[in-house]
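Here the structure is laid out as structure tokens; the discussion comes afterwards.
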Amino acid sequence: MAGALRWPMDHSLALAREGDVLEVKEILFGGLRDHLRKIGLREGSTLEHLGIGDAGVEVRLGDGRGVRVHQDYAWFIVVEPSAQRQITEE
Numbered sequence: 006m007a008g009a010l011r012w013p014m015d016h017s018l019a020l021a022r023e024g025d026v027l028e029v030k031e032i033l034f035g036g037l038r039d040h041l042r043k044i045g046l047r048e049g050s051t052l053e054h055l056g057i058g059d060a061g062v063e064v065r066l067g068d069g070r071g072v073r074v075h076q077d078y079a080w081f082i083v084v085e086p087s088a089q090r091q092i093t094e095e
């Protein structure tokens, strides 16, 4: 079924590993895109995967802020490895 959709599951934030530095390539749904923009996460953002907690996927954004993305939402965020090696806290 995933082959029939534009949804590359193997590039989902939900499957990323702790320590990965990633670039958000696409957020698959407009409503989700709008919601995530409010916490500073948008297409083109660079983030570092900090781990998975009870509240979801914890990431550090390019500006150093830590945010949580609900696990169900993380499935619909398409990411790829970033050329940037690490995100520094400000």
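This note's numbering applies: residue 6 is where the sequence shown begins, and numbers increase by one. Note that beta-carbon positions come from the ideal geometry of N, C-alpha and C, so glycine has one too.
### Query
Based on the DSSP output, what are the partners of R22 in its beta bridges?
Answer is none; R22 lacks a bridge partner.
### Task
Could you give the DSSP three-state label for G71: helix, strand or coil?
strand
### Query
Taking Cβ positions, are E23 and E85 nearer each other than 8 angstroms?
no
#### Entry: Backbone CA spacing between Q89 and S50 [nearest angstrom]
11 angstroms
#### Entry: Reduced DSSP category for L5 - H, G, I as helix; E, B as strand; rest coil
Residue 5 lies beyond the range of the chain shown here (6 to 95); nothing can be said about it.
### Query
Beta-carbon separation of R47 and L41 under 8 angstroms?
yes
### Task
Locate the beta strand (DSSP E) running through L37, then write down its first and last residues.
Looking at the DSSP string, L37 is not in any beta strand (DSSP E); the run it does join, the alpha helix (DSSP H), is G35 to K43.
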